[in-house]
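J.: The letter at position 5 of the sequence shown is residue 20 when you use this note's numbering, and the numbering goes up by one with no holes. Each residue gets a CB set at the ideal place from its N, CA and C atoms; glycine is no exception.
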Amino acid sequence: MPASGVSAAAIAARLSAVGLPARVEEHDRYTSVEAELPESLSTESWREVLEVVAEADRFGLLATSLSGRTLWAVVRKAVPTTGDVGGPSHQR
């Protein structure tokens with residue numbers, strides 16, 4: 016598992032410990048974590064949630080009238096330090 020996956024799994028585990036079951040999904044350039052937020056969350060739980068997602072590279076809250084509130088966090092995958100840094104079309 017890439018380092019981003021390990022970090023995302025740790026974030027998901029901590030969110031679950033606060034009572035927010037989270038899903039982790041691998042993408043080409045990042046690993047994402049999402050959790051549905053209940054209508055009400057204690058101040059202490061909010062503090063813990065914010066501490067947890069602050070470990071991600073980016074995070075936010077998606078709120079809609081149709082699907083409720085979804086907390087998301089993204090951990091970027093490391094950029095290669097050698098080799099095909101520019102991808103297959105990159106000329107050296």
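(1) When DSSP labels each residue in this structure, what does H105 get in the three-state scheme?
(2) Looking only at its own chain, which residues have a Cβ that is under 6 angstroms from the Cβ of A88, when we skip the five neighbours before and after it?
(3) With DSSP as the reference, label G83 as helix, strand or coil.
(4) In the DSSP assignment, find the unbroken alpha helix (DSSP H) run with V68 in it and report its ends.
(5) Alpha carbon to alpha carbon, what distance is there between S60 and E66?
(6) Rounding to the nearest angstrom, what Cα-Cα distance links V39 and T79 in this structure?
T.: On the basis of the supplied data:
(1) In this predicted model, H105 has a pLDDT of only 43, less than 50, meaning its place in the structure is not dependable enough to derive any value.
(2) I26, V48, V68, A71 and F74
(3) strand
(4) T58 to V68
(5) 10 angstroms
(6) 21 angstroms
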